[in-house]
Each structure stands twice: as structure tokens, then as C-alpha cells.
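Novice: So in UniProt numbering, spot 68 of the sequence shown is number 68, and the numbers just go up one at a time.
Beta carbons: idealized from backbone N, C-alpha and C, even for Gly.
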Amino acid sequence: MSQKVSIRPIQTDEIDQLIKISKQCFHQTFDPWRALEDVNTYIQRAYTREKLLSELKTTTSKMFFAFVDNQIVGYLKVNWDSSQTENNWPEAFEIQRIYVLKQFQGLHVGSALMHKAISMAKEEHFHRVWLGVWEHNDKAQKFYHYFGFKIEDEHTFMMGDTAQRDLMMVKDI
Numbered sequence: 001m002s003q004k005v006s007i008r009p010i011q012t013d014e015i016d017q018l019i020k021i022s023k024q025c026f027h028q029t030f031d032p033w034r035a036l037e038d039v040n041t042y043i044q045r046a047y048t049r050e051k052l053l054s055e056l057k058t059t060t061s062k063m064f065f066a067f068v069d070n071q072i073v074g075y076l077k078v079n080w081d082s083s084q085t086e087n088n089w090p091e092a093f094e095i096q097r098i099y100v101l102k103q104f105q106g107l108h109v110g111s112a113l114m115h116k117a118i119s120m121a122k123e124e125h126f127h128r129v130w131l132g133v134w135e136h137n138d139k140a141q142k143f144y145h146y147f148g149f150k151i152e153d154e155h156t157f158m159m160g161d162t163a164q165r166d167l168m169m170v171k172d173i
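So this is what it looks like as C-alpha cells:
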């Protein structure tokens, strides 16, 4: 059964909802696989009110909520130009975060967010989209492969105080 997914930009007055879903999604994604101390340290650094407000106000980044039945069930963050987290492809468009609450996975929310990101990249006249994914997140890698992303590089991602290997996947559009 498919439910209607709606997507819209996140407003600065929705910071509390953004903080909440960011933390929920990150815990759901990484708690089963990573040390809880590392996950909590990452969350404390990455999802502060100040940091997320700053990200929302950045002109070379955009963030979107995904809704099912008026409930926030996922979110997307994209970057370009100087906001990209890596400079391997300065002419490209980055999908930095694409998360869906576990209980809403399989309802095409992730696909709707991915289509939004790719559509936005095309509208902004980018010809390449990239993202980073943890080397052991097979489910996410399969999802990205489905959308035509290919592994092109790797980089170190700090999960708290522990270095992990992320694969950098790229799609030409």
C-alpha cells in the first residue's frame, strides 16, 4: 500500500522538529551498528540548535521535510558550491542527508526525497550529484545503486571520535 508523500522546505521556526527527526533518524540508522557513545557524540556535535539554524540559513544549502498524513517522516539536506562537505567535485551537487524514519521505510518516502534532490540539481543546472554512505550500510547502498549512483571514491567520516570509511557515490544527470 502506497501513501501520498509530500515534501516541502524546512522553515527556521521548525527547528525543534528538525532537531527531533535528525536525532531519531540517526539513532535508528546507526545504534544497531556503532558504539552508542560515538553516535551520541556525533549527534551532540552535528544536531545542535545553533548548527542546524545556521545550515537552514545558508544560501547554498536547502533542507526539506517529507510528510505522510501530515506527519514528518523524513528529511533531506542538499548542498552545492562552498557548502559541500568535500571538494572532490566542486561543480557537483551534494546530497548530504537523506533519512526516513524506520517505520516509514518501504512507503517510497526515500524515493520521493531522492527525486526531489535530483530534480533540484537539474533545475540548478548541475550535471553531477554525489553523496557519502557508510561502507557497511548495505541497505542504503542498494537504494543509491537503484537510482544509478556508482562508487567513485571514499573518505573518512568521523562518527563521534571514531573514524569510519564512507563510500562516495556519484551519479551523472
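Near Trp-89, which residues of its chain fall below 8 Å by C-beta distance, leaving aside the five closest residues on each side in sequence?
Specialist: Arg-128, Trp-130, Val-170
Novice: Roughly how many angstroms lie between the CA atoms of Val-68 and Lys-4, to the nearest whole one?
Specialist: 6 Å
Novice: Check this for me: beta carbons of Pro-9 and Lys-77, under 8 Å apart or not?
Specialist: No, these two residues do not count as a Cβ contact at 8 Å.
Novice: Taking the CB atoms as reference points, tell me whether Trp-80 and Glu-124 lie closer together than 8 Å.
Specialist: yes
Novice: Out of Met-114, Val-109, Ile-72, His-108, point me to the one whose CA is closest to Gln-96's CA.
Specialist: Met-114
Novice: Apply the 10 Å Cβ neighbour rule to Ser-6 and answer buried if 16 or more other Cβ atoms are within range, or exposed otherwise.
Specialist: exposed
Novice: What residue from Gln-24, Cys-25, Val-39 has the CA that sits closest to Met-158's CA?
Specialist: Val-39
Novice: Decide if Asp-166 is buried, meaning its Cβ has at least 16 other Cβ atoms within 10 Å, or exposed.
Specialist: Asp-166 should be labelled buried.
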